[in-house]
Ligand SMILES: Nc1ncnc2c1ncn2[C@@H]1O[C@H](COP(=O)(O)OP(=O)(O)OP(=O)(O)O)[C@@H](O)[C@H]1O
Ligand SMILES: Nc1ncnc2c1ncn2[C@@H]1O[C@H](COP(=O)(O)OP(=O)(O)OP(=O)(O)O)[C@@H](O)[C@H]1O
Ligand SMILES: [Mg+2]
Ligand SMILES: [Mg+2]
């Protein structure tokens, strides 16, 4: 096949797509494109690009070594480039090595490794490829809102978090949910007994029976142990399914799924809401820069559009309230969101300790981006393993 | 011509399997000929695709060649999958801990893989020979143990610095990657190793006393003892050889393809090896072409969702239906001919029963 | 109940096992069925009992045509068959065996079945424990279990296919008494055997088969030589063993003990000289085979010494003993002796200790073809072992014996063989003596033991209860020794 | 308490599957396709229930799919004399791929689910009631199935015949049992139960359908059948034990984080260990001495498992 790397030398920023032909871009998904979670959110962002730019998406889902054993991530990227992709999105934390290799082999093709930190000069592991950028949403806000909704709703004072595998990102998100929940529990409900906040990790982004813990079982276990709100951190919707069943059986329980704005639809009446990624705007901007020939590899960590959390044109992360959230709590939640927006509420200010008692943020200290991104432990008050 | 009949036995089921796949595609509302064309183009349509196909071919051939040995010894070595994984783990260990020039690394990682796979085979063999645990169940169990071990290593001792991701370990140092030519991904070394293995197994089974004795052990353990064959030793040896070749496949998966240890390093190539050997009627001479066909489907199928909205599982369906039809058709033919069973070449499935009379 | 078979045909592939058989059995009689190996006797009986469906032919029972196309139908018509190897279920208890596929409702009533079982057993003086595991029964007891079951189900025609091959003399006496009692009650008995004296003892009429056809009927008594001539088409000479000068002491077993699951051998001692033939007698499972297997290194002894030509061999595996001149032939020819799926050529290659690593297949095929001719094996060099008949399997096994053996051990050398094959087997074995080979064999055929042995060891429950010179004893005495009578008297 | 209730609930699909496979293997047919047929029937069960909005039709579809796969194995073994392991293995792979291909349009959508229903009176029994009788209908059916299958196998006349067929088919035949017909029936029945197990996942325990929704659970079920020594009650206990291990994995994650992910694979080493113990001389000597223990410990596979029976 024609190999684009032979043209070499020219820096990525000079690649210009002819304006006559529509942009072709590749979208590499780690899970199924219809997972009602992480992968579907990316897939729909791709469709958004097609709509907005008349661009053409080449998509391949289930790109992981178990489900697609005979292609590696970099080979898939190469296939897409060979098919004419001028921009490739590699959309999982798992794709780090493939992304770096693909970027190295195709220095003129712009690529985005989502949720990664390779282009962050101040990050822990910057990589020297100027055609590989990163995009991530500031989901810590989404998780704080989700936590708040949980804290406002819980009757038993016990909230559970269905965690995937353990890394910086997932610790960051658990801590955010915990901070949001505690804030609302204490400040809006005036409770003084500390909130019970438990996390169990299943071991991977989604369930592989026999190897990961079974999220269905874990979610059931949460309910058995007395939790009445489950916050999901995994790619799929088991937490909502299980809570829905319990609710059907007459129990008062709720859940918050994750990643995808349509996730509540499976069981709206007990869904408190869903924090989701809206990759569209950032991806659109990148695609436009490729068309314009102005692409530069940057690390983006985009926050919500506080003026309208659910504006699909502008926000990087959002939160859709669910039918399970009572009207009172919904308005309290809006209050919390407004506080986050104007900065009057910032749960990520010290004093905060890690689980082992060591200091995370000293009294009055506001967390830096590095401190938030590279979260090393769960916080004091969260039950569950940190590593 | 001796090859005409087996060819005919394969051709009719191929047509049947194709018909089935076309039907499915029509049901899914896709153009079947475009899809089948894509399968071909995606697997052999360009040098890059062909090289990807060859990369898959190498490991399938190695696993299948090892299976010929264990099947000959009457063993349903379904644990081959675990042996591939064990080889991957051992090779990864070598690649991560030893430093050296490329040539040295090739030899050491392959040696490690041979040993790792061989030991995993030996484990199933020990359970079979000394614990009377049927190799089907022992092997399946050990496969899951090997997978657990992989996951454990990846999120535990071999995790990436600062990250506990199941995506895989850090890539190995470049010196332990199998060298490739230009931008193609296939390694000539790997292809040569696989070809040598299949030829060696062919001659071992056909022309040597070892092959004959192995067959005697496979057909009737008790008679074999009375022929003075060291029964246990042969059974264990078959497991070791089969496991070692599978382990070599595992090595090439990690040093020539993934370049790191991933949770499922085998990519189910061990399981595919079983299908290949079933299709080949347990004969070494058919392995290489059938494995190529399988590799082409595996690699070509990834183009289906890229180009049209067809799930890549279609490739697996095509493969599965094909093997099923070949088996069924063979059985039907044998029945019609009133001849002895085609599947006779397959070892009888008799789970090890406790000795004694009966 | 009278029975008539008309023009029965049954073929297996190209083999015409039954080719137009006509046979009449009168009510209340015992009818013998004779014939060489492969004559089609078992096939005919399986057709009669519904196990095999005939290709064509009629079965007439008490004047009525019946269609016994399944065992169920046959049992319904009162036809019951005792197979050569009793078809019982080993892991089940005796009572469950008794009940399996008995008529009745959904629920199993083991308690009342037990009562009925005990009644049947009492009638025929069988002593079977209903709750015992079937695995622990001897072949004779398994036969009794089957007979009890068939009678309980109302069998009026009883077929017995070589019922005496696996049982001892006292068990045989008991079986025959049972059969006579049944015949007196009006039952018809069909008795298949290779042993003329048994047929003479029991039957009123005999039918002789050869190559799928009936070659004649005879009213008993008929001289044995005439029956043999009908069976083989020519008279068969039984040559007596010529006495031979015994050589030096060869094998010495001292205080051998073996522990096995159902049996242990204690403190067994034996000296064998070159050219000597030792017969091992005893009920099935009394330790004869275990003893031979221990000497052959197939079972590891718990204690004791075994020396061959003065060299310690206890604990060595069989494959090493092969090299010092010990060989062992098992009773299960296809189960343990030959390898299904391998050709005769491949068998010869396997058995040749000097085969090089790379096999010369052309030379091997030539060698095998010569051996097939020399040993009168009916088959080709490329025939697979399982295609051979029982007698030819035995010929192949003997043809593969190594040259220059010191000690040959054999289980049931002529079990299931017709007289002609049996003679050939023994002529081969006896010729080995001349090179000083000692022979140890186990058999339940008392004539065989008496005719060919120098000495006979009688086993009972893992011990040698007596040792007799073959010339000093007779069938009667030996038979009762085997039943453990001696022990009881002591 | 609650945990035990959940344990029973989540183990229920496995209970159906292991009892089904036990019946099939008892008759001498090993259905190695279980991993695939469980998955395909989970898919079919969900899709049909969703499209028709009828749970009953969903379960029926699951049962039919499971039965068809099983009958294909029986057919190729009985009529075509093919090796059961070979055919079962191929069908495993084929069914997994088919489930993905055919189920792609119904991923992660809400469909009908089996609703909880407590048994009046029984649910009020202290301790036991809340664990066993505050479940759904499927769970109650599984209780009946386990005891029914056990009773049928070991306490009835046809049950003895079923065992005979898998133990020594030629002996069963000589007694007038129609061996191959029974093998079709029991394999089909076993397959249907596996299919109901699959549908129980998608309609009751892991509701909905997604890519490889029941991955590895079929293999686990196969291991449990062996662990259960080919006895329905013991097999069901194995299924509950597996669910218990999952619960334990969750509870132990905090104190023993490294162990948590290993626990779900324990059925496999456990199966191997069971087989080693079953066949050990040590156990044989023990049960020889105390025959009553045999019912508890023994677990020999049906002797004729995997073999072909020909009458002519
Ligand atoms: N009677 C039998 N039935 C079934 N399998 C058997 C039987 N005898 C032997 N085997 C099988 O053969 C294997 C080896 O048997 P055996 O112990 O006779 O070997 P060997 O050649 O004596 O080896 P070694 O000298 O190393 O002990 C056993 O593990 C068993 O699986
Ligand atoms: N199930 C079968 N399939 C194929 N051939 C068979 C089968 N059963 C018997 N035969 C063949 O039919 C012929 C008659 O066999 P049969 O067993 O009836 O002989 P027999 O008279 O009982 O011999 P023996 O005295 O050795 O028991 C033989 O050539 C035998 O090989
Ligand atoms: Mg016979
Ligand atoms: Mg040994």
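Residue numbers (our numbering), protein chains in the order written: chain A, 1398 to 1784; chain B, 16 to 373; chain C, 3 to 492; chain D, 3 to 314.
Glycine included, C-beta positions come from ideal geometry on N, C-alpha and C.
Residue i and residue j closer than 7 angstroms at C-beta
i              : j              : result
residue 1592/A : residue 1726/A : no
residue 132/B  : residue 102/B  : yes
residue 233/B  : residue 98/B   : no
residue 151/D  : residue 278/D  : no
residue 299/B  : residue 72/B   : no
residue 402/B  : residue 191/B  : The structure shown does not extend to residue 402/B, since chain B is modelled only from 16 through 373, so no value can be given for it.
residue 110/B  : residue 187/B  : yes
residue 161/C  : residue 222/C  : no
residue 54/B   : residue 315/B  : yes
residue 1429/A : residue 213/D  : yes
residue 282/C  : residue 444/C  : yes
residue 266/B  : residue 128/B  : yes
residue 245/D  : residue 47/D   : no
residue 256/C  : residue 266/C  : no
residue 1675/A : residue 1719/A : no
residue 273/D  : residue 223/D  : no
Cβ distance (whole Å) where residue i is taken to contact residue j below 8 angstroms
i              : j             : result
residue 1467/A : residue 313/B : 4 angstroms
residue 10/D   : residue 134/D : 7 angstroms
residue 195/D  : residue 18/D  : 5 angstroms
### Task
Would you list, in chain order, the members of the segment 145 to 156 of chain C that have their beta-carbon closer than 8 angstroms to a beta-carbon of chain B?
none
### Task
Any chance you could list the residues with Cβ under 6 angstroms from a heavy atom of ligand 6, keeping chain order?
For the structure depicted, ligand 6 is absent and the ligand set comprises only ligand 1, ligand 2, ligand 3 and ligand 4.
### Task
Return the residues of the segment 215 to 240 of chain B that lie within a Cβ-Cβ distance of less than 8 angstroms from chain C, sorted by chain order.
222, 223, 224, 225, 227, 228, 230, 231, 234, 235, 237, 238, 239, 240
### Message
Does the structure place the segment 1624 to 1641 of chain A close enough to the segment 1429 to 1439 of chain A that three or more beta carbon pairs sit under 8 angstroms?
### Response
yes
### Message
Which residues of the segment 340 to 362 of chain C have a Cβ closer than 8 angstroms to any Cβ of chain B? Give them in chain order.
### Response
340, 341, 342, 343, 344, 348, 351, 352, 353, 355, 357, 358, 359, 360, 361
### Message
Using a Cβ distance threshold of 8 angstroms, determine whether the segment 30 to 48 of chain D contacts the segment 70 to 90 of chain D, with at least three qualifying pairs required.
### Response
yes
### Query
Quick one: any contact between the segment 289 to 301 of chain C and the segment 314 to 327 of chain C, if contact means 3 or more CB pairs under 8 angstroms?
yes
### Task
Check whether the segment 63 to 78 of chain B touches the segment 61 to 69 of chain D, taking contact to mean three or more Cβ pairs, one atom from each stretch, closer than 8 angstroms.
no
### Task
Below 9 angstroms between beta carbons is the criterion; list the residues of the segment 166 to 183 of chain D that meet it against any residue of chain C, in chain order.
166, 169, 170, 172, 173, 174, 175, 176, 177, 178, 179, 180
### Query
Should the segment 151 to 160 of chain D be regarded as contacting the segment 92 to 108 of chain C, the criterion being three or more beta carbon pairs within less than 8 angstroms?
yes
### Message
Using a Cβ distance threshold of 8 angstroms, determine whether the segment 31 to 46 of chain B contacts the segment 330 to 339 of chain B, with at least three qualifying pairs required.
### Response
yes
### Task
Name, going along the chain, the residues of the segment 315 to 347 of chain B whose beta-carbon falls closer than 7 angstroms to a beta-carbon of chain D.
326, 328, 329, 331, 332, 335, 336, 338, 339, 342, 343, 346, 347
### Task
Report the residues of the segment 289 to 309 of chain C with a CB closer than 8 angstroms to any CB of chain B, ordered along the chain.
300
### Query
Are there three or more Cβ pairs, one per stretch, closer than 8 angstroms when the segment 116 to 129 of chain C is compared with the segment 40 to 51 of chain C?
no
### Message
With three or more C-beta pairs closer than 8 angstroms as the rule, is the segment 78 to 89 of chain B touching the segment 335 to 351 of chain B?
### Response
no
### Contact set between the segment 192 to 208 of chain B and chain A, restricted to residues whose Cβ is under 8 angstroms from the partner
198, 200
#### Entry: Members of the segment 95 to 127 of chain D that neighbour chain A once the beta carbon cut-off is set at 8 angstroms
106, 109, 110, 111, 112, 115, 117, 118
#### Entry: Members of the segment 124 to 157 of chain D that neighbour chain A once the beta carbon cut-off is set at 9 angstroms
136, 138
### Task
Report yes or no: do three or more beta-carbon pairs, one from the segment 288 to 304 of chain B and one from the segment 1754 to 1767 of chain A, lie closer than 8 angstroms?
no
### Task
Assess, as a yes-or-no matter, whether the segment 1461 to 1475 of chain A is touched by the segment 276 to 284 of chain B under the definition of 3 or more beta carbon pairs within less than 8 angstroms.
yes
### Task
Check whether the segment 98 to 115 of chain D touches the segment 35 to 54 of chain D, taking contact to mean three or more Cβ pairs, one atom from each stretch, closer than 8 angstroms.
yes
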